[in-house]
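When the letters of the sequence shown are read in order and numbered with mature numbering (1 follows the signal peptide of the UniProt record, and there is no 0), they come out as residues -25 to -1, 1 to 559. Reading through the structure tokens given below for one structure.
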Amino acid sequence: MTRFGKTSKLVAASLVGALALTACSSDNGNDDGDSKDNGSGDGPSGTVTLAWGQPFDSYNNTTAGANSFANVIVLNWVTTGFWQFAGEDGLLTPNEEFGTYEQTSEDPLVVEYTINDDAVWSDGESIDCDDFLLWWAQQSGKSPFSVIGSAGIEDTAVPECEAGDKHFVLEYGTPYADWAANGPSHGNTTMMPAHVVADQGGISTDELIEAIKSEDWDALEDAAEFFNNGWLIDGGLPDAELIPSSGPYLLDSYEEGQHVTLKYNENYWGEAPATETIVIRQIAEPEMAQALENGEVDIIAPQPTVDMVEQINALSGINSQVGNGYTYEHLDFNFNEGPFSDNLALREAFALCVPRQLIVDNLIKPVTPDAPVKQIRNIAPWDPGFDEANAHIAEELEQYGEQDIERAREILEEEDAVGTTIKVQTLDNQRRNDTGALIKDACDEAGFDVDFSATPDFFATDGGLSQGTFDVAMFGWIGSSLISGWNSTFKTVEECTADGKGNNNGCYSNPEVDKLLQEVLVEADQETALQMVAEIEKILWQDLATIPIFQHPNITAWAENVENIVPNPTQTGVVWNMPEWSKS
């Protein structure tokens, strides 16, 4: 699951102010047509420009701190893998240009992976054993490499391979229901270039391979330091040799607060993309519709506020689509420190004062008139098990389902906590500012003193969410229908640090939830698994681990001369088919 700051998760970084009219003057999307390589020697051409509100901040979005939707948008076709969520329904779809994989045994569960023989990093290095082993070391959660979550891989044996091998086997000690989505993918579980990590760690790739096989993590301390922090974007891209591509595009240029540019990777072994250059311009969301109308950008996918939808509907020569998304907005409590960390009563008071229905009525229903308040965190309304889970938490919804300011104040008085200051933090954008104002008005009336702040760096690796400076964090998760996608969000963390807490930003912990989270991952029967999910939801409400608010609607708009734009409801977003984008 990816943090979404529009997030998400899904997904999560800053929205800046003014429209940057001077950036990318030669990449403004006005090229005359694009074409795929037709075998005659002509490569891709032209430029397509996407507007995005959040800055790109790391080449390595597989770490806990850099797991953001903004980074996925940039990197989905730069660092690729065996599968991604594709199409208008966001279905799990193999990428056979990268390689193939299949289950070859049920007991024990064995999955075999084969990387394309021609697959190389853009610097010419083969994609093979050392990259897969580095991926395994990170995803297993056993190593010092920062990881978002280790669901399933911690139960696999160290893959047996030698330098240069393209074939690997994952053998699970226990069954794993989502095995098809558990190998290296596009996005936030991709393979990173092991030859770069080894070099920056002062060792050879052979030494890296042997250290991982023997689980000698001390030998990888310097390599892990680079892996976790060496790819952060600090005013400019890292040196080109540090950021090779495993996909059809590579990182070409970056200007802080302005744009990141992707270029065709001429060493890509698969089909060439339709368009040579993709520019991702950083534009504040309220300015996006105007930028689209002016031809400064070709595609926008902002949060669909009432004003934004009205602006888009008023444009001519534009295609647009509003649809469902797997993203949901919520409030996370800080369980590590602060007034809510060990006080359920105060969490109850806050849950009762938050005006969830008013937020939906004012900010979401004008976009999607039938939008309800979200009560179920981990099942989308259109997915199996939703109604059953809703029925299972009926008692909890009777207690917390509706705002009750009077009862919230009674609790504060009983706790001698009237006037308690609550730091509510979020990303700076209009809808979240409006949401924060509604929460402050209601919860101040109940007796809290809400200190609301919305900052552009909230999702940055050194921002409030990662560093835990909040009492309540407001953001969204963007995911998919997979149980394994959200599992790590509620699992007890080993340490409540930016790199150690993974997706569990509030550091919530409950042993019963941990047990269910483990069991649901290995449960092959869907009905039984959904019953477990419903029970998890019940406990999360009883603990008030988080407060769900609403399911995000998605909106995408694009110029009529741009082809093959297909909105996607998952953490892949609109870029799922970027190589097919073209202009007529």
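Just so it is clear, CB atoms sit at the ideal spot from N, CA and C, and this is done for glycine as well. All values derive from a computational prediction rather than experimental measurement.
Asked, Found
"Return helix, strand or coil for N552, following the three-state DSSP convention.", "helix"
"Quick check: what's the CA-CA separation for Q526 versus D518?", "21 Å"
"Since R256 sits in a beta bridge, which residues does DSSP pair it with?", "A26, H234"
"List the endpoints of the continuous beta strand (DSSP E) containing V144.", "142 to 146"
"Identify whether K117 lies in helix, strand or coil by the three-state DSSP scheme.", "coil"
"Does the CB of Q526 have a neighbour CB from chain C at under 8 Å?", "Judged by its chain identifiers, the structure shown contains no chain C, having just a single protein chain."
"Decide yes or no for the touch test of the region 394 to 401 against the region 444 to 451: beta carbon pairs closer than 8 Å, at least 3 of them.", "yes"
"Counting C-beta neighbours from all protein chains within 10 Å, is the total for P486 16 or more, i.e. buried, or is it exposed?", "exposed"
"What are the boundary residues of the beta strand (DSSP E) that E77 is part of?", "74 to 81"
"As an exercise, report each continuous alpha helix (DSSP H) stretch of at least 4 residues that is fully enclosed by the region 386 to 460, in chain order.", "405 to 421, 439 to 442"
"Using C-beta distances below 8 Å, list every residue in its chain close to L66, excluding the 5 sequence neighbours before and after it, in chain order.", "F60"
"To the nearest angstrom, how far is the alpha carbon of C328 from that of I522?", "11 Å"
"In or out: D103 buried (at least 16 other Cβ within 10 Å) or exposed?", "buried"
"With DSSP as the reference, please indicate the residues paired to A532 in a beta bridge.", "I275, S295"
"On the criterion of 16 or more Cβ atoms from any shown chain inside 10 Å, does K490 qualify as buried, or is it exposed?", "exposed"
"First and last residue of the alpha helix (DSSP H) that includes T68?", "Unbroken run through T68 is the beta strand (DSSP E), 66 to 69; no alpha helix (DSSP H)."
"How would you label L25, buried or exposed, when you count the other beta carbons within 10 angstroms and need 16 or more for buried?", "buried"
"Looking at the unbroken alpha helix (DSSP H) that takes in A346, where does it start and where does it end?", "Segment: none, A346 is in no alpha helix (DSSP H) and carries neither H nor E."
"For A39 versus L457, is the C-beta spacing smaller than 8 Å?", "no"
"Which one of I530, D362, T149, G439 has the shortest CA to CA distance from residue 562?", "Here the chain has residues from -25 to 559 only, and residue 562 is not among them."
"Using the Cβ count rule (16 or more neighbours within 10 Å means buried), how would you classify S559?", "exposed"
"Just curious, the alpha helix (DSSP H) that V49 is in, first and last residue?", "44 to 50"
"Look up E304 in the DSSP assignment and say whether it is helix, strand or coil.", "strand"
"Let me check understanding here. Comparing Cα to Cα, which of K141, A126, I218 lies closest to V49?", "I218"
"Using a Cβ-Cβ cutoff of less than 8 Å, which residues in the same chain neighbour M166 once the five nearest sequence positions on both sides are dropped?", "T54, G56, I102, D106, F107, L109, W110, P159, S221"
"State buried or exposed for D273, treating a residue as buried only when at least 16 other CB atoms are found within 10 Å of its CB.", "buried"
"Thinking just about the alpha-carbon of each residue, which of P347, Y147, F427 is nearest to the one in Q78?", "Y147"
"Please go through the same chain and pick out, in chain order, the residues whose beta-carbon is closer than 6 Å to the beta-carbon of A417, but skip the five residues on each side of it.", "C328, P330"
"Cutting at 6 Å between CB atoms, please list the residues of its own chain near L195, excluding the five before and the five after it.", "A186"
"Return the chain-ordered list of same chain residues with a C-beta closer than 8 Å to the C-beta of N288, the five sequence neighbours on each side being excluded.", "S295"
"Let me know if S97 comes out buried or exposed under the rule of 16 or more other beta-carbons within 10 Å of its beta-carbon.", "buried"
"Cutting at 6 Å between CB atoms, please list the residues of its own chain near G438, excluding the five before and the five after it.", "D432"
"So the alpha helix (DSSP H) A264 belongs to, where does it begin and stop?", "263 to 268"
"With DSSP collapsed to three states, give me the class of V541.", "coil"
"Buried or exposed, going by whether 16 or more other CB atoms sit within 10 Å of the CB of T131?", "buried"
"For W192, which of helix, strand or coil comes out of DSSP?", "helix"
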